[in-house]
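For the sequence shown, UniProt numbering begins at 391 and goes up steadily by one. Report on the following structure.
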Amino acid sequence: NILGAEEQNHDDKNRNQRTEDDVTYTNKNDIKRLRESLPVYNVRSPLLQVIRENQVCVIIGETGSGKTTQLAQYLYEEGFCMSGKQIICTQPRRVAAMSVAKRVAQEMGVELGDKVGYVIRFEDKTSRNTQIKFMTDGILLRESLLDKNLDKYSCVIIDEAHERTLNTDVLLGLFKQLLSRRMDIKIIITSATINADKFSEFFGGAPQFKIPGRTYPVELIYSKHPVSDYVEAAVSTAMQIHMSSPVNSGDILIFMTGQEDIETTASEIRSKLLEVYSKKYQITRHDEINDVEVFPIYSALPADIQSKIFINFEGKKRKIIIATNIAETSLTIDGIRYVIDTGYSKLKVYNPRIGLDSLVVTPIAVANANQRSGRAGRTAAGTAYRLYTEGTLAEDMYIQPVPEIQRTNLSNITLLLKSLEINDILKFPFLDKPPTQSFISSLYELWFIGALSNKGELTTLGKAMTKFPLQPTLAKILLLSSKNGCSEEMLTIVSMLSIPQVFYRPKERETESDKARMRFFINESDHLTLLNVYSQWKANKFSKIWCTRNFLQYKSLKRVHEIRAQLKQLMDINKIPVVSSGKDWDIIRKTICSGFSHQSAKLVGLGKYIQLRTGMEVKLHPTSSLYGLGNLPKYVVYNELLMTGNQYICCVTTVDPFWLMDYGSLLFDIKRVKEINDQYSANIFHSYGYDDSSDDKKEIDLIEKKLQ
Ligand code: ADP
Ligand code: MG
C-alpha cells in the first residue's frame, strides 16, 4: 500500500526531527542566552514599571522583539501569580496559541499543560497548576460569559491587537466596562505596528511603551508587470533564489492566501526541486534531497507538523516556508532572508444584504505588505520580492486593512453580547463601529432561528445556544435533536461539520478517491453521508489503516472524535439528553431542516437552484452525494454557501417542502416579515429581496392551498 508506506515514512521523519528539536532547546544556558538576546530584555524594568503603574498600557515592538514569549514570563517572575490568580495571553489564531505556549513551557523548563498551558476551541491543555495560560481571543470571550469580572485573572495580555480580529475588538469593548469593576486587573495590549494611538485613545490615553527594535534593510523588488498566476510566479521566484544563492545565505518565506494555494505551491516546488536535483545529482527520490526542505504552514495543520518550522538547521539546510498571513506577525521564524509576497490574503467578507459570508482572495493593504517585507530583515539585511507592481501598491492597496468587525457576519457576537445583557448593541463601545446593516441582518437571523424574541430579547433557546462553542444554527440543531430523539447522531454530524475536510483527494489518484468517497454516499443528504463515514469508522474500531484505505483523513477524523466527546460533555453538563434515533434517519433530516430553513433552496432548472430567502441563483457542489439520486430533489437546505466564481451550496440535505413550512414559516408568511420589518428597520424587507409577486410566492400559495 503506497499511501500507507508514505505515511509511515512521514511519521519516521517527524520522530527524527522532534529529537533534533529537543536537542536544540534542552540546554538551559542556551535558553537563557536566547532570552537575554531579545530586544525586550534590555527594557525589562522600565517596561514592568509602566505595567505596575497603570491599569492599561499599550506595548509596541517589532515582530520578534519578544513580546509574546517574554511578557507573560516577566509578569510571572514579578509575582503577578502570587495572589493565586493567573496570567493570560490571548492570540487571534489557534496555531499561535499552541506554538507559543509550547515555546514558553520549554523556556521555563516545565511540561506543557502544567504550569504553562493553552486553551483553544475543543482543546484544553491546562491543569489546576496552570499559571500562564495562552488562549485564542474567542475563548476568552466565551469565558467572559461565565465569569463577567474575569476574577481568575490578574493580568490579561491582548496580543496582536493590531490584527483587529472581531473577537479582540469585542474584548477591548468589554474591558472598557470591566476596568472600574476590577481595579486590580492589568490589561496589556500589544501591537506590532505604529497604529497604537487608537488603542491608547480608546482607553482614555493609556500610556504607550515602545520596545526599541533593531531591523536591517530590506531591498524591495517589484514585478515589472502584473502577475497573472501568483502560485506559478512564487514557485519560479523561490526556485530562482534557491538555485542562485548558497543554502546558508538564508531561508525563504512565501506568503500565500490559504491552505489550497499553499499545498499547490508546496507540491510544485517539491517537484521542481526533484526535477532539478535529479538532473544534477542523479537522484530519484525526494527524501534524497538533503539541503532544502519545504514547509507549508496554515491553521488546519496538526500542531506537531507546524512546530517543525522552528527547527534550526544551522545553515546546512534551507527552509522554504509557505504560510498564510500568520507569518506576518504572530509567528516569528528566525533565519528568513528572502520574502516572496503574493500581495494577496484570504479574507472573510460579509454581504449583509444577502446574509452571506464568503472567503475571498483579496489584495492586502500597504501595512501588510510592509510587515511581510520586514520578515526578511530581522537578523540581517534581506530581500523581498513583491509579486505585484509598484503602481498596484500605490493605487490599488488600502493603507490599513479593514478591521474584521466591518466585514463579517455578526450573529455570533450579537448572541454573545445579548447573553451578557448588553441589549442596545449599537451603543456598545467599539473601536470602529460595525455597519448598522450588518447588525440588523444579524438580529434578523437570530430572530429567525428563534434565538431572539419579537422584542429582540434572548429566548430560552437562544440562552441555551450560547452554552455551545458553535455557530448559532449548529447549536440549535444540536438542542433540537435532543427533543427529537436523535442527538446521538446529531453530535456526530455537528462535529463533522466543525472540521475542514475528511475526504482525502490526492492529485494523482483523483478517480480512485472519488470512487471511495461515493461508497459512503447517503443519496438524500451530505449530512447523513458524514454521519455514515463516522459510523463506519467507529464500526471499524477507529482504525487508521481503514482510513487510509478509504481515502479518509485519519487526523481529521480523530479530531472529530475529540470534538464529539467535548460536545457530549457539554450536553451532559447542561442536562441535555443524548438519545439515538436508531434506524430512523428521516427525523435527522427534519431536525437539520429546522435549523437551516433560512438556508434553503429550490430547484428551478437543470442543476440550478435558487436560494429561497434571497432568490440568488446557486448550484449544487460537485462533491455532493445528492447527485447519486438521479433526479435532483426539489427542495434542499444547506450548511454553507461557497463563492468560487460559481455560487455553490455545500453539505446539502433533501427536505420536504412541508417541513420548510413547519419550521421556516417565515418564508411563507409575508405578513410576519412585514411586522418584523417595521420592528427592526425599514430596510430589511427589501434587503432580503422579498417580493410579493415573485414565483416563490406563487409556489407558496399553491402549497398553502393544498394544505387547506
Ligand atoms: P514578538 O511577539 O515580539 O513578535 P516573540 O516573543 O514571538 O516575538 O519571539 C521572540 C523570539 O522567540 C524570536 O526570535 C522567535 O524566533 C523565538 N521563538 C518564538 N516561538 C518559538 C518557537 N516555538 N520555537 C523556537 N523559537 C521561537
Ligand atoms: Mg508576538
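Yeah, the Cβ is synthetic: ideal placement off N, Cα and C, and Gly gets one too. The model shown is predicted, which means the values in this text are computed figures rather than measured ones.
Pick from the options that is closest to residue i, judged by C-alpha positions
{"i": "G648", "options": "I803, V617, S689 and H632", "result": "S689"}
{"i": "Y508", "options": "K853, G499 and V485", "result": "V485"}
{"i": "F512", "options": "N519, K1024, E501 and T526", "result": "T526"}
{"i": "D541", "options": "R895, Q598 and Q476", "result": "Q476"}
{"i": "V1026", "options": "K845, R979 and T1004", "result": "R979"}
{"i": "I710", "options": "Y466, A841 and A656", "result": "A656"}
{"i": "V950", "options": "A841, Y667, N417 and L887", "result": "L887"}
{"i": "Y740", "options": "N1029, N799 and S613", "result": "N799"}
{"i": "L562", "options": "D822, E1030 and H1011", "result": "D822"}
{"i": "G772", "options": "T779, Y778 and S763", "result": "S763"}
{"i": "Q439", "options": "Q598, R675 and L851", "result": "Q598"}
{"i": "Y728", "options": "Y606, I815, L807 and G781", "result": "Y606"}
{"i": "C545", "options": "P602, M961 and A462", "result": "A462"}
{"i": "L1002", "options": "M1051, S990 and N758", "result": "S990"}
{"i": "Y775", "options": "L1031, M629 and L1032", "result": "M629"}
C-alpha gap between residue i and residue j, whole angstroms
{"i": "A784", "j": "L737", "result": "21 Å"}
{"i": "N930", "j": "F941", "result": "14 Å"}
{"i": "L1056", "j": "G1020", "result": "Any reading at L1056 must be qualified, since the residue scores a pLDDT of 47, below 50, and its modelled position is unreliable; no value is offered."}
{"i": "A491", "j": "I1000", "result": "47 Å"}
{"i": "N802", "j": "N557", "result": "10 Å"}
{"i": "L920", "j": "I982", "result": "13 Å"}
{"i": "S946", "j": "S885", "result": "11 Å"}
{"i": "W927", "j": "I449", "result": "49 Å"}
{"i": "residue 386", "j": "F703", "result": "This structure does not reach residue 386, given that the chain is present from 391 up to 1098, and the question cannot be answered."}
{"i": "D731", "j": "K698", "result": "22 Å"}
{"i": "M787", "j": "N964", "result": "48 Å"}
{"i": "S661", "j": "Q672", "result": "15 Å"}
{"i": "F893", "j": "Y924", "result": "12 Å"}
{"i": "residue 366", "j": "N539", "result": "Here the chain covers residues 391 to 1098 and nothing more, so residue 366 does not appear."}
{"i": "K418", "j": "A770", "result": "26 Å"}
{"i": "L836", "j": "E794", "result": "20 Å"}
{"i": "Q398", "j": "I716", "result": "Unreliable positioning characterises Q398 in this predicted model, as indicated by a pLDDT of 34, which lies under 50. A coordinate reading is not provided."}
{"i": "L869", "j": "L610", "result": "54 Å"}
{"i": "I522", "j": "D651", "result": "35 Å"}
{"i": "G503", "j": "Y612", "result": "45 Å"}
{"i": "H676", "j": "A757", "result": "38 Å"}
{"i": "K706", "j": "V637", "result": "7 Å"}
Local Cβ density within 10 Å of residue i, reported as buried at 16 or more and exposed below that
{"i": "F1048", "result": "exposed"}
{"i": "S570", "result": "exposed"}
{"i": "I789", "result": "exposed"}
{"i": "Q460", "result": "buried"}
{"i": "G997", "result": "exposed"}
{"i": "D619", "result": "exposed"}
{"i": "K1061", "result": "With a pLDDT of 45 at K1061, under the threshold of 50, the modelled position of that residue is not reliable, and the figure given next carries that caveat. The residue is exposed, with fewer than 16 neighbouring Cβ atoms inside 10 Å."}
{"i": "L564", "result": "buried"}
{"i": "T901", "result": "exposed"}
{"i": "T480", "result": "buried"}
{"i": "S843", "result": "exposed"}
{"i": "V446", "result": "buried"}
{"i": "S427", "result": "exposed"}
{"i": "G725", "result": "buried"}
{"i": "D916", "result": "buried"}
{"i": "S634", "result": "exposed"}
{"i": "E410", "result": "With a pLDDT of 38 at E410, under the threshold of 50, the modelled position of this residue cannot be trusted, and the question is left open."}
{"i": "S987", "result": "buried"}
{"i": "R423", "result": "exposed"}
{"i": "E553", "result": "buried"}
Residues bridged to residue i [DSSP beta-bridge criterion]
{"i": "M525", "result": "T480 and V509"}
{"i": "D514", "result": "V509"}
{"i": "residue 389", "result": "Look at the range of the chain in this structure, 391 to 1098, and you will see that residue 389 is not part of it."}
{"i": "C545", "result": "I477 and K576"}
{"i": "Y612", "result": "R776"}
{"i": "M1033", "result": "Q1037"}
{"i": "S581", "result": "I450"}
{"i": "Q1001", "result": "A991"}
{"i": "A624", "result": "For A624, which the question treats as bridged, DSSP gives no partner whatsoever."}
{"i": "E1007", "result": "I1000"}
{"i": "Y606", "result": "Answer is none; Y606 lacks a bridge partner."}
Residue-level contact to chain D via CB, residue i, 8 Å cutoff
{"i": "A495", "result": "In summary, chain D is missing from the structure at hand, where a single protein chain is found."}
Quick check for students: name the residue ranges of the alpha helix (DSSP H) that lie wholly in the segment 929 to 954, counting only runs of 4 or more. 934 to 939
Fully enclosed by the segment 793 to 869, which alpha helix (DSSP H) runs are 4 residues long or longer? 801 to 809, 826 to 838 and 850 to 855
At 4 residues or longer, what runs of the alpha helix (DSSP H) sit wholly inside the segment 860 to 925? 862 to 873, 877 to 887 and 900 to 908
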